[in-house]
């Protein structure tokens, strides 16, 4: 149940999030870059600020913006603390997910696997949720089992 609450980005939540200034955005990016270097990761940075690695693109057509996905995943903080894990695939509507998930989904197909590092402005912003402090940088390992 907590994964449903965690991933639903209701309009109220999205519009209540703080807008970060350039200094804050730079600070988040520096933290992410330090994490990548420390862990010897090979990641791509998108124009939005999302860092990602596509482990497997998957097969078939790329995922569409209005898709429903069947996914398994693990979400953790930069300190390694796992805040959510779903080993049995769950169904989610892509348009209800955080921006970081939506963006990487467009690079994937059915069976695709990726790791993403989500800065706060593409995640939950300054909202505190369950085990997530405000302005958290999130790391997800995810697999798109199916999309329709």
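In my numbering, the protein residues as written are 17 to 164.
Beta carbons are placed, not taken as given, at the ideal position from N, Cα and C, and that holds for glycine.
Residue i, buried or exposed, once every other Cβ within 10 Å from all chains shown has been counted against 16
| i | result |
| --- | --- |
| residue 48 | buried |
| residue 122 | exposed |
| residue 151 | buried |
| residue 87 | buried |
| residue 71 | exposed |
| residue 163 | buried |
Opposing strand residues paired with residue i [DSSP bridges]
| i | result |
| --- | --- |
| residue 150 | Answer is none; residue 150 lacks a bridge partner. |
| residue 78 | 125 |
| residue 68 | 60, 132 |
| residue 120 | Looking at the DSSP assignment, residue 120 forms no beta bridge with any residue, so it has no partner. |
| residue 112 | The partner list for residue 112 (beta bridge, DSSP) is empty, contrary to what the question assumes. |
| residue 100 | 91 |
Terminal residues of the beta strand (DSSP E) in which residue i lies
| i | result |
| --- | --- |
| residue 130 | 129–134 |
| residue 93 | 84–93 |
Beta-carbon proximity list for residue i, same chain, < 6 Å, skipping 5 on both sides
| i | result |
| --- | --- |
| residue 92 | 98, 155 |
| residue 129 | 71, 72, 159 |
| residue 144 | 150 |
| residue 94 | 51, 153 |
| residue 55 | none |
Same chain, Cβ closer than 8 Å to residue i, neighbours up to 5 away in sequence not counted
| i | result |
| --- | --- |
| residue 81 | 110, 111, 118, 122 |
Same chain only: Cβ atoms within 7 Å of residue i, ignoring 5 sequence neighbours per side
| i | result |
| --- | --- |
| residue 147 | 99 |
| residue 74 | 124, 125, 126, 127, 128, 160 |
| residue 44 | 135, 136, 153 |
Range covered by the alpha helix (DSSP H) that runs through residue i
| i | result |
| --- | --- |
| residue 42 | 38–54 |
CB-CB length for residue i against residue j, believed under 8 Å
| i | j | result |
| --- | --- | --- |
| residue 132 | residue 68 | 5 Å |
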